[in-house]
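Report on one structure; see the data block that follows.
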Amino acid sequence: MRRALSILLSLIILATACTRDVHAGPDQARGPSCDPTIDAAIRNWEAAGFSGSVAFLGGDRDCVAAYGQADPAAGRAMTTDTVFSIGSITKAVVAAAIGSLEADGRLTYDQPVGDLVPGLIGPIGETTVEQLLLHTGGVTGNHGRDLEPLDRDRALAALAGLDRAAAPGSEFLYSNAGYTALALVIDELTGDYRTYLTDRILTDGATNIGGFWNGEPAAAGPRAVGTTSTGQPGADGSFGGPHWGLDGSGGVAMTAEQLANWTMRLFAGDILAPDALERLLSLRFDQGYGSVEVPGWVSLDGAVFGEPVFGTAGGGSDIGHTMTVAWLPESGRVYSIATNSAEADAEAVLADLLPDLVAGRSPTGPAVADGGLNPVVAEAVTGRWTVADGARVEVFQDGDAVVVQAIDPAAVPMVLPVPDPEAAAAHEAAVLNVVAGSTEEGRRERALLEDSFGPIEAIEVFGTWFADIEYRTYLSIRFAAEEVLVWLAVDGRGGIAAAEVGTPPPSRSFIQRPDGWLAPIDPASEAVDLRIRFVDMGLEIVNGSAIELAERVG
Numbered sequence: 337m338r339r340a341l342s343i344l345l346s347l348i349i350l351a352t353a354c355t356r357d358v359h360a361g362p363d364q365a366r367g368p369s370c371d372p373t374i375d376a377a378i379r380n381w382e383a384a385g386f387s388g389s390v391a392f393l394g395g396d397r398d399c400v401a402a403y404g405q406a407d408p409a410a411g412r413a414m415t416t417d418t419v420f421s422i423g424s425i426t427k428a429v430v431a432a433a434i435g436s437l438e439a440d441g442r443l444t445y446d447q448p449v450g451d452l453v454p455g456l457i458g459p460i461g462e463t464t465v466e467q468l469l470l471h472t473g474g475v476t477g478n479h480g481r482d483l484e485p486l487d488r489d490r491a492l493a494a495l496a497g498l499d500r501a502a503a504p505g506s507e508f509l510y511s512n513a514g515y516t517a518l519a520l521v522i523d524e525l526t527g528d529y530r531t532y533l534t535d536r537i538l539t540d541g542a543t544n545i546g547g548f549w550n551g552e553p554a555a556a557g558p559r560a561v562g563t564t565s566t567g568q569p570g571a572d573g574s575f576g577g578p579h580w581g582l583d584g585s586g587g588v589a590m591t592a593e594q595l596a597n598w599t600m601r602l603f604a605g606d607i608l609a610p611d612a613l614e615r616l617l618s619l620r621f622d623q624g625y626g627s628v629e630v631p632g633w634v635s636l637d638g639a640v641f642g643e644p645v646f647g648t649a650g651g652g653s654d655i656g657h658t659m660t661v662a663w664l665p666e667s668g669r670v671y672s673i674a675t676n677s678a679e680a681d682a683e684a685v686l687a688d689l690l691p692d693l694v695a696g697r698s699p700t701g702p703a704v705a706d707g708g709l710n711p712v713v714a715e716a717v718t719g720r721w722t723v724a725d726g727a728r729v730e731v732f733q734d735g736d737a738v739v740v741q742a743i744d745p746a747a748v749p750m751v752l753p754v755p756d757p758e759a760a761a762a763h764e765a766a767v768l769n770v771v772a773g774s775t776e777e778g779r780r781e782r783a784l785l786e787d788s789f790g791p792i793e794a795i796e797v798f799g800t801w802f803a804d805i806e807y808r809t810y811l812s813i814r815f816a817a818e819e820v821l822v823w824l825a826v827d828g829r830g831g832i833a834a835a836e837v838g839t840p841p842p843s844r845s846f847i848q849r850p851d852g853w854l855a856p857i858d859p860a861s862e863a864v865d866l867r868i869r870f871v872d873m874g875l876e877i878v879n880g881s882a883i884e885l886a887e888r889v890g
């Protein structure tokens with residue numbers, strides 16, 4: 337499961353304008369209402385690769401609508417009833433459940449969780465409920481993998497073995513494991529974590545709102561088939577468990593409209609009584625720059641948009657979904673977006689639309705050109721190219737996009753420039769430290785790799801780039817029988833935040849601009865002027881102030 341990303345970051349790194357042919361037709365599956373100007377902007381995002389559903393409620397320009405395909409292979413259209421995995425937004429649900437138990441007098445926020453759950457020992461057991469809610473427990477490491485069986489006893493043992501990297505309460509250190517510990521608290525005090533969430537928290541008072549992606553109680557409704565970074569269909573929800581590798585940190589599923597309605601009910605005091613909600617949201621860790629961590633959410637002051645915002649986001653690399661929701665307490669508006677597309681992240685779409693929506697302007701979405709990708713241009717750039725220093729790239733067409741893939745390490749900084757080279761270098765060093773086995777978590781990860789592929793013979797850095805608002809370092813790991821490419825993202829204390837084994841080489845998708853240049857789709861490219869074009873039988877690559885001319889080699 338991808339970690340929850342602070343919506344603050346995605347709102348600062350706004351989506352770039354891009355051009356692409358519009359494919360949506362008048363028969364596009366729609367919901368009960370959608371303001372025409374908002375619909376037009378999201379259609380432009382659909383042309384740039386967005387597929388999913390949206391629910392904007394509480395204002396005079398409501399929008400509940402669906403775009404694209406819920407199952408591209410089967411040709412099944414997206415609808416507003418399509419269910420998505422909400423990923424780490426689950427933490428907001430777990431935080432509400434903890435708040436309800438506090439209101440019932442069954443726990444206090446200053447209690448160490450080890451006092452509440454027998455067997456929850458070690459550094460994490462000494463950490464308080466409040467510190468786990470705010471990711472300030474100082475504990476680092478993961479307790480298990482999302483879609484690998486992990487029962488309750490083994491989860492307790494794994495959590496007990498986690499290291500402490502910082503003094504409790506001293507700093508923010510995002511922790512999926514911490515929220516699994518909170519789920520075990522709920523399980524211990526109520527008799528069943530999942531039943532308590534669905535019957536007490538995920539409800540409108542009469543019926544359930546959502547459920548779980550894997551296992552029971554399952555979210556009812558047709559499901560979106562995600563697309564992973566490898567281009568393969570995501571996990572379909574048939575994983576049988578036991579689910580303690582994911583429970584607490586993720587696992588809940590619902591529609592975009594259900595998430596929007598649940599968020600409105602939460603902040604209206606319908607899920608927690610107003611005084612209990614106030615106590616929960618009074619727990620705070622100031623991140624600076626107007627951003628404050630509260631249980632399950634990031635709170636932004638009015639400096640960013642002229643109105644305060646509570647936001648959270650989540651996604652799963654195994655499932656291929658991303659989802660985000662923002663609540664505006666002063667105006668009582670909520671914006672929820674879910675997508676099963678690998679081309680347009682839900683956060684990037686919201687980051688583009690929200691400034692206009694908050695200000696009362698009509699959003700436009702990405703710029704759209706009538707012609708799409710010129711087939712002559714596509715044919716001209718397709719192939720394998722090398723530049724003077726030997727860096728090689730593979731270029732191929734993917735619909736209306738051109739994909740540029742780094743074939744060797746020298747090509748990574750050329751087509752995948754990073755916003756902060758010093759930060760990227762520090763991330764590389766931290767990743768190498770982890771895979772060298774210098775930490776307990778690193779030793780576990782290394783053992784898992786060697787269990788799958790045999791003894792590690794050599795590790796080389798393939799490159800680091802900025803994706804999904806985080807640094808990812810790619811490593812080429814040589815085993816006796818094969819060489820495997822993996823990427824890892826680590827947190828500020830060197831704990832593994834996300835990883836993928838057997839990943840394809842890093843790549844970037846480009847679309848054709850009206851001036852003939854091909855420019856990246858993704859917002860991270862704003863860090864530097866990056867564009868390519870075919871000229872004089874070569875491929876001209878502009879990367880900031882550097883201009884390279886690549887020659888075709890295949």
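The numbering used here applies: residue 337 is where the sequence shown begins, and numbers increase by one.
Even glycine gets a Cβ: it sits at the ideal position worked out from N, Cα and C.
Closest Cα partner of residue i within the set the options
i, options, result
"Asn769", "Val731, Val754, Ala825 and Leu784", "Ala825"
"Thr564", "Leu613, Tyr515 and Gly651", "Gly651"
"Val751", "Arg442, Gly799 and Arg782", "Gly799"
"Ala680", "Asn380, Glu643 and Thr373", "Asn380"
"Ala501", "Ile743, Thr775, Leu492 and Gly450", "Thr775"
"Thr675", "Arg559, Thr526, Arg669 and Pro454", "Arg559"
"His763", "Asp744, Tyr807 and Glu887", "Tyr807"
"Ala406", "Tyr810, Leu854 and Ala678", "Ala678"
"Val740", "Pro755, Val465 and Ser843", "Ser843"
"Gly642", "Ala596, Leu619 and Asp692", "Asp692"
"Thr415", "Val400, Gly423 and Thr426", "Val400"
"Asp489", "Gly587, Asp523 and Ala571", "Asp523"
"Gly735", "Glu876, Ala714, Phe815 and Arg869", "Ala714"
"Val429", "Thr516, Ile537 and Gly461", "Ile537"
Three-state secondary structure assigned by DSSP to residue i
i, result
"Met414", "coil"
"Trp549", "coil"
"Asp681", "coil"
"Trp853", "coil"
"Asn676", "coil"
"Gly650", "strand"
"Ala882", "strand"
"Glu715", "helix"
"Arg697", "coil"
"Val723", "coil"
"Val797", "strand"
"Leu824", "strand"
"Thr543", "coil"
"Val358", "Its pLDDT being 29, under 50, Val358 is placed unreliably by the model, and nothing is read from it."
"Arg888", "strand"
"Leu709", "coil"
Delimiting residues of the beta strand (DSSP E) encompassing residue i
i, result
"Asn891", "Residue 891 lies beyond the stretch modelled for the chain, which goes from 337 to 890, so this question has no answer here."
"Thr660", "His657 to Leu664"
"Phe789", "Premise fails: Phe789 lies in the alpha helix (DSSP H), Glu776 to Phe789, not in any beta strand (DSSP E)."
"Val419", "It is not in any beta strand (DSSP E) - Val419 carries neither H nor E in the DSSP assignment."
"Arg867", "Leu866 to Val871"
"Val729", "Arg728 to Asp734"
"Val739", "Ala737 to Ala742"
"Arg808", "Glu806 to Phe815"
"Arg844", "Ser843 to Gln848"
Per-residue burial, residue i [other beta carbons within 10 Å of its own, 16 or more giving buried]
i, result
"Val889", "exposed"
"Ala604", "exposed"
"Val871", "exposed"
"Val645", "buried"
"Gln568", "exposed"
"Pro757", "exposed"
"Asn512", "buried"
"Gly638", "exposed"
"Ile883", "exposed"
"Gly726", "exposed"
"Thr444", "exposed"
"Ser342", "Confidence is the limiting factor: at Ser342 the pLDDT is only 39, short of 50, which leaves the residue's position unreliable, though a coordinate-based value still follows. So Ser342 ends up on the buried side."
"Pro699", "buried"
Range covered by the alpha helix (DSSP H) that runs through residue i
i, result
"Ala428", "Thr426 to Ala439"
"Leu768", "Pro757 to Val771"
"Ala277", "An answer regarding residue 277 cannot be provided, because it is not within the stretch 337 to 890 covered by the chain."
"Ala377", "Pro372 to Ala383"
Notebook entry, point to check: What are the start and end residues of each continuous alpha helix (DSSP H) run of 4 or more residues lying completely inside the segment 445-523, in chain order?
Noted result: Uninterrupted alpha helix (DSSP H) stretches at least 4 residues long and entirely within the segment 445-523 occur at 458-461, 465-469 and 488-496, given in chain order.
Notebook entry, point to check: At what residue ranges does the segment 385-411 contain a whole run of the beta strand (DSSP E), taking only runs of 3 or more?
Noted result: For the segment 385-411, whole beta strand (DSSP E) runs of length 3 or above, ordered along the chain, are 388-393, 399-403 and 405-407.
Next item on the list: List in chain order: all unbroken alpha helix (DSSP H) runs of 4+ residues lying wholly within the segment 562-635.
Entry: Taken in chain order, the unbroken stretches of alpha helix (DSSP H) that lie wholly in the segment 562-635 and span 4 residues or more are 592-603 and 610-617.
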